[in-house]
Ligand SMILES: Nc1ncnc2c1ncn2[C@@H]1O[C@H](COP(=O)(O)OP(=O)(O)O)[C@@H](O)[C@H]1O
Ligand SMILES: [Mg+2]
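Protein chains in written order, with our numbering: chain P, 1 to 155; chain L, 156 to 271.
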């Protein structure tokens, strides 16, 4: 990450259970709520909510379990997700729009468009994705609070 | 055109979000893949889909959509209705299938080309 920001104001960690589709979306909802209560502008909340939703869905779809942490600092919102699961063999391929290994059951629910990781990239200022194939995946992304004017792709 | 207008024009059933019907519709998006809707829908769009689970409300709220129309007479899940009520997202049902409903919406001037 470009700037180390050690002054953490809020740190929350959530557990995500792989395969738990009925609960899908509850973590990103809680992150959204936390940011609303903290008084962040909607434009910022929307970007983190979208990225968190996609990250949460990927743990539910492709991992046994995972942990998602939200860090609020004076200059940034950062989310870190670690999971134990399928892992990703080819990160570049996974990042390309339309690529998906989602099975029939996942697609039926409307996930598996192959656009989750690209959506995370588009909505955040920085994104790091690493993985050990068949072991797990590490994802982190940041939205900087003092840069938002230049980063509103959907406005 | 507002959400209220299309409810009347197309005889849509209102399942949730009754106090948010005054919102102007900026255009439309039709898709059953949530990440696709996240990527391509625009604020104020009406979203046409066959998905009925609560995450459609999460997506509509994140993208500030004007409402969701379920096609083919599909019933939303109970939790979906509850969540839509909570988030203030109009949740509507049409007996028509997606192709037909979108065609009729288009005829009334709701476009998928996004004015920027
Ligand atoms: N946490 C993860 N663990 C394992 N594989 C993942 C994870 N996240 C993404 N992937 C892989 O990357 C692909 C693309 O992910 P994404 O862009 O979110 O699209 P989708 O989830 O719709 O397939 C997935 O189909 C999957 O193969
Ligand atoms: Mg995904």
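C-beta atoms are modelled at their ideal positions from N, C-alpha and C, and glycine is treated no differently.
Does the beta-carbon of residue 156 of chain P, which I'm using as the reference point, lie nearer than 7 Å to any heavy atom of ligand 2? Absent from the model: residue 156 of chain P. The displayed extent of chain P is 1 to 155, so no value can be given.
Out of L:228, L:174, L:229, L:234, which has the shortest C-alpha to C-alpha gap to residue 213 of chain L? L:234
At 7 Å on the CB atoms, spell out the chain P contacts of residue 210 of chain L, in chain order. 24, 25
Output the distance between the C-alpha atoms of residue 247 of chain L and residue 255 of chain L, rounded to the nearest integer angstrom. 16 Å
Opposing strand residues paired with residue 78 of chain P [DSSP bridges]: P:71, P:142
Do three or more CB pairs link the region 61-74 of chain P to the region 6-13 of chain P at distances below 8 Å? Contact between the region 61-74 of chain P and the region 6-13 of chain P is present, with at least three C-beta pairs closer than 8 Å.
Within 10 angstroms of its Cβ, does residue 78 of chain P collect 16 or more other Cβ (buried), or is it exposed? buried
Could you check how far apart the C-beta atoms of residue 111 of chain P and residue 51 of chain P are, in whole angstroms? I think they sit under 8 Å. The pair is not a contact, with the Cβ atoms about 15 Å apart (cut-off 8 Å).
Going along the region 189-203 of chain L in order, which residues come within less than 7 Å of chain P, judged by CB to CB distance? Using a CB distance below 7 Å, the part of the region 189-203 of chain L facing chain P consists of 189, 190, 191, 193, 194, ordered along the chain.
Please report the residue range of the beta strand (DSSP E) in which residue 210 of chain L lies. Here residue 210 of chain L belongs to no beta strand (DSSP E); instead the alpha helix (DSSP H) covers 210-217.
Closer than 8 Å is the cut-off here; do at least three beta carbon pairs connect the region 93-103 of chain P with the region 172-182 of chain L? no
Per DSSP, which residues does residue 106 of chain P bridge with? Please list them. Answer is none; residue 106 of chain P lacks a bridge partner.
Give the interface partners of residue 28 of chain P over in chain L, defined as CB-CB distance under 8 Å, in chain order. 213
What is the C-beta distance between residue 263 of chain L and residue 167 of chain L, in whole angstroms, given that I count them as a contact (C-beta under 8 Å)? Contact between residue 263 of chain L and residue 167 of chain L is ruled out by a C-beta separation of about 13 Å, above the 8 Å threshold.
Determine, using beta carbons only, whether residue 222 of chain L and residue 205 of chain L come nearer to each other than 8 Å. no
Classify residue 259 of chain L as helix, strand or coil using the three-state DSSP reduction. helix
Do you know whose CA, among L:176, L:240, L:230, lies nearest residue 250 of chain L's CA? L:230
Helix, strand or coil: which one does DSSP assign to residue 195 of chain L? helix
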